[in-house]
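From first to last, the protein sequence lines stand for chains A and B.
The first sequence begins at 1 in this note's numbering and counts up one residue at a time.
The second sequence begins at 355 in this note's numbering and counts up one residue at a time.
Following: one structure in structure tokens, then a few remarks.
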Amino acid sequence: MNPNEEFEHVSIGVPVSSGTFDELMVSQATLDAQVLAEQDEGKSISPTRAAIRRLTRDRRAMISLGIIILIIGVSFLGPLIYTHIGPTITGGPTLQDQLGPQVYHEYTHQELTQLNQPPSAAYPLGTDQLGRDILARLMAGVQVSILVTLVVITFDIVLGLVVGTLAGFFGGWIDTFLARFTDLMFAFPILLFAILAAATLGPAFIDRFGPSGRLLLVSLALGLTIWPQMARYVRGQTLQLKNQQYIEAARCVGGSNRALVVRHIVPNLFNIVLTAATLDVVGIITAEATLSLLGLGVQAPGSSLGLMISDASGQIYIQWTEVLWPTLVLATLVLCFSFVGDGVGDAFNPRTKD
Amino acid sequence: MSSVLSSAIAVIVGIVVLALLVLAGFRLGLRFLLRRLLGLIFVIIGVTFITFIMGYFAPGNAVYNQLGQHYTKEAYEQLTHFYGLDLPWYQQYGNFLWRLLHLDLGHSYINDADTVWTILQRYVPASLQLGIGGVVLAVLIGVPTGVIAAIRARTRVDSSLQGVALVLYALPSFVIIPIFDIVMVWLHSQGLPSLAVSGWGTIDTMIAPIIIFGASIFAYYVRLTRSSMLEVLQQDYVRTARAKGISERAVIWRHAFRNALIPLLTAVGPALAFAVVGVFVVEVLFNIPGIGTETVAAITQRDFPVVQGTVILLSVTIVLMNLVTDVAYGFADPRIKSE
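Take a look at the structure:
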């Protein structure tokens, strides 16, 4: 039996707790019509594939996904090309030095004769208050955002999945632990914890791991605190799956607890984990930018969108475009991820939205 | 003077919490009361322990740093003793909790004439004005907007309100603030009337931070109110009310809206946690002399007791607000009792 089919049956029983009820019902009606139409053609499709199809038809989510891929692609591949294009400029300490783009398009290079420059041929988006190329720093900043997101989301999914399934399936002390820990985290906002961690352990991490030590610490702090929400979703879903007949059937034919969890529960958690993770991405990007903005994340030679905004805020009377670029990139990233998150939520959990 | 004031505040806070719990106990039963109380104690111990232990294991010797070139062995020992840093960790934590009960958060490392408590007293008012102003504004405008969106569900009014709410909800305030700054600087350079981009205390400096801080909470409440209202409007009793011939206005405000408010109450807790972080960012970017700016400054100066103090203050505030929310929820929805 395809376990995913079971999932669709399960979600019928889930009450619609919030979200736009009418829209869901409408989308559900069209969805059912679609499935029926496809079945008429003689082929039935798995719910997962149906969800992906629904997602690809969500124009807002697809455009956003395209923009995200474009931004990430340019940020990771762009520097390879960018350090080879651009005119040779005169600058450097003696002013007679000829500088090629491989020098001044380096995101850490400070060209002290070129402070707060407006956009030009050499500097497509201008320079900041230390004469660093803004486009190069933007690309480096997006790289940081994405890397932090990857690390934190891995923690989120792994810890959330393990603790959530164990708490839901076995209950007992691990369930109590999860409940208490979640209570604690409700009172202790993630960012507050990260701020505390940066304040106490930051210097040690910088000594040990160099300038990016603070960043590593921030990722760890976010990763270790973000998962309770995910675990709660997973726990709720596991509790419902646990009482399904197919689990009972699997147990009857002699399935061990481990086999039940790994083979029959976890695959059915895919939808809820995917949805929660996509929505968490927005929070992580914002959290990293916030910490860097407050001076607790990425440190000076490194780049981060938050750090760029905080640096450029002081230059607003001199060169106002400086603050515009990182703001625009961050806003675009955050909005696009929100739209994709909404789309994934609608497509994969058409009846449950929360 | 300060100790009299702080113990007075402690007594008042204690009485309020106790009164709330007793009230909740009468209304919701002893079990509810005990569970809440245990939860409260657990969370406060958890938060203080995490804050304490991170400070304890933080490398770098604050006393040594503070003495700097005035370092002598006697002075070092004296100061270590003054801060109680020569004791084993469990005794330090015990002392820390004991002093916390008396609202004594210790002395600042940077300026030992100031206790952490006096520093907090200096910076809390601005944060409180900003926070309360923003939240009140957001709720007062957000809830009716959400109701309107729900009444006009699936019309152009609804979809544009939803769009605005989604954008405001997703965009962090540090994306909105620079754009605001750019506009204000431009207005100023054109000789047009503009708002201040930093400072606090006068009306023209307070308008922008409060509105920008409130924007995301506003969006949160619009979305929440809308979905809550939509769900209530589906209910049978709303249909009954309509069938009785009650005016649409009365149906919406007297029958639907009151019930839709219940889920909104539970959202106060998460909204507050969200708000605390928002306050940090808005304060730093607008140069507001509040608790966020002070915490960030204390972190860069490694003034750990101050960081500890603000973290504990903020999380205890959130715990108490959650308690108030729970109690209010119990009153608003009697069904919670049977749970």
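Ideal placement from N, C-alpha and C gives every residue a C-beta, glycine not left out.
Sub-8 Å separation of residue i and residue j beta-carbons
{"i": "residue 213(A)", "j": "residue 278(A)", "result": "no"}
{"i": "residue 694(B)", "j": "residue 454(B)", "result": "Since the first residue shown for chain B is 355 and the last is 693, residue 694(B) is missing from the structure and cannot be characterised."}
{"i": "residue 225(A)", "j": "residue 164(A)", "result": "no"}
{"i": "residue 558(B)", "j": "residue 316(A)", "result": "no"}
{"i": "residue 113(A)", "j": "residue 131(A)", "result": "yes"}
{"i": "residue 323(A)", "j": "residue 312(A)", "result": "yes"}
{"i": "residue 281(A)", "j": "residue 72(A)", "result": "no"}
{"i": "residue 166(A)", "j": "residue 197(A)", "result": "no"}
{"i": "residue 562(B)", "j": "residue 522(B)", "result": "no"}
{"i": "residue 531(B)", "j": "residue 639(B)", "result": "yes"}
{"i": "residue 337(A)", "j": "residue 69(A)", "result": "no"}
{"i": "residue 321(A)", "j": "residue 126(A)", "result": "yes"}
{"i": "residue 631(B)", "j": "residue 199(A)", "result": "no"}
Nearest-angstrom Cβ-Cβ length linking residue i and residue j, presumed shorter than 8 Å
{"i": "residue 178(A)", "j": "residue 235(A)", "result": "7 Å"}
{"i": "residue 222(A)", "j": "residue 190(A)", "result": "6 Å"}
{"i": "residue 575(B)", "j": "residue 493(B)", "result": "6 Å"}
{"i": "residue 629(B)", "j": "residue 490(B)", "result": "That belief does not hold up - the Cβ atoms of residue 629(B) and residue 490(B) are roughly 11 Å apart, past 8 Å."}
{"i": "residue 157(A)", "j": "residue 273(A)", "result": "6 Å"}
{"i": "residue 142(A)", "j": "residue 305(A)", "result": "7 Å"}
{"i": "residue 133(A)", "j": "residue 107(A)", "result": "7 Å"}
{"i": "residue 58(A)", "j": "residue 347(A)", "result": "6 Å"}
Segment limits, alpha helix (DSSP H) that includes residue i
{"i": "residue 80(A)", "result": "59-82"}
{"i": "residue 335(A)", "result": "321-348"}
{"i": "residue 213(A)", "result": "213-242"}
{"i": "residue 695(B)", "result": "What the structure shows of chain B is the stretch from 355 to 693, and residue 695(B) is not part of that stretch, so it cannot be assessed."}
{"i": "residue 654(B)", "result": "645-654"}
{"i": "residue 137(A)", "result": "134-170"}
{"i": "residue 444(B)", "result": "443-455"}
{"i": "residue 403(B)", "result": "384-411"}
{"i": "residue 47(A)", "result": "47-56"}
{"i": "residue 188(A)", "result": "Neither: residue 188(A) is in no alpha helix (DSSP H) and is coded neither H nor E."}
{"i": "residue 476(B)", "result": "470-505"}
{"i": "residue 620(B)", "result": "611-620"}
{"i": "residue 523(B)", "result": "510-524"}
Below-8 Å beta-carbon distance, residue i vs any chain B residue
{"i": "residue 180(A)", "result": "yes"}
{"i": "residue 141(A)", "result": "no"}
{"i": "residue 390(A)", "result": "Since the first residue shown for chain A is 1 and the last is 354, residue 390(A) is missing from the structure and cannot be characterised."}
{"i": "residue 183(A)", "result": "yes"}
{"i": "residue 227(A)", "result": "no"}
{"i": "residue 352(A)", "result": "For residue 352(A), the predicted model reports a pLDDT of 44, less than 50, meaning its position is unreliable; a value from the coordinates is still stated below. No, no contact with chain B."}
{"i": "residue 233(A)", "result": "no"}
{"i": "residue 290(A)", "result": "yes"}
{"i": "residue 24(A)", "result": "For residue 24(A), the predicted model reports a pLDDT of 43, less than 50, meaning its position is unreliable and no value from the coordinates is stated."}
{"i": "residue 18(A)", "result": "Residue placement at residue 18(A) is poorly supported in this model, since its pLDDT is 36, which falls under 50; the coordinates still yield a value, given next. Residue 18(A) counts as touching chain B."}
{"i": "residue 344(A)", "result": "no"}
{"i": "residue 278(A)", "result": "no"}
{"i": "residue 256(A)", "result": "no"}
{"i": "residue 50(A)", "result": "no"}
{"i": "residue 198(A)", "result": "yes"}
{"i": "residue 27(A)", "result": "At residue 27(A), the pLDDT of 49 sits below 50, so the modelled position is not reliable and the matter cannot be decided from this model."}
{"i": "residue 304(A)", "result": "no"}
{"i": "residue 286(A)", "result": "yes"}
Residue i: first and last residue of the uninterrupted beta strand (DSSP E) it sits in
{"i": "residue 599(B)", "result": "Taken as a continuous stretch (DSSP letters only), residue 599(B) belongs to no beta strand (DSSP E), as it is neither H nor E."}
{"i": "residue 112(A)", "result": "Careful: residue 112(A) lies outside any beta strand (DSSP E) and carries neither H nor E."}
{"i": "residue 99(A)", "result": "97-99"}
{"i": "residue 285(A)", "result": "Here residue 285(A) belongs to no beta strand (DSSP E); instead the alpha helix (DSSP H) covers 270-293."}
{"i": "residue 265(A)", "result": "Element bounds for residue 265(A): n/a, residue is neither H nor E."}
{"i": "residue 90(A)", "result": "89-91"}
Any chain A beta carbon closer than 8 Å to residue i
{"i": "residue 518(B)", "result": "no"}
{"i": "residue 560(B)", "result": "no"}
{"i": "residue 524(B)", "result": "yes"}
{"i": "residue 614(B)", "result": "no"}
{"i": "residue 372(B)", "result": "no"}
{"i": "residue 405(B)", "result": "yes"}
{"i": "residue 635(B)", "result": "yes"}
{"i": "residue 535(B)", "result": "yes"}
{"i": "residue 669(B)", "result": "yes"}
{"i": "residue 569(B)", "result": "no"}
{"i": "residue 400(B)", "result": "yes"}
{"i": "residue 572(B)", "result": "no"}
Looking at C-beta atoms only, is the number of pairs between the region 672-684 of chain B and the region 373-392 of chain B that lie closer than 8 Å three or more?
yes
Across the region 569-588 of chain B and the region 500-508 of chain B, are there enough close Cβ pairs to call them in contact, namely three or more that are closer than 8 Å?
yes
At least three beta-carbon pairs within less than 8 Å, the region 478-486 of chain B to the region 639-653 of chain B:
yes
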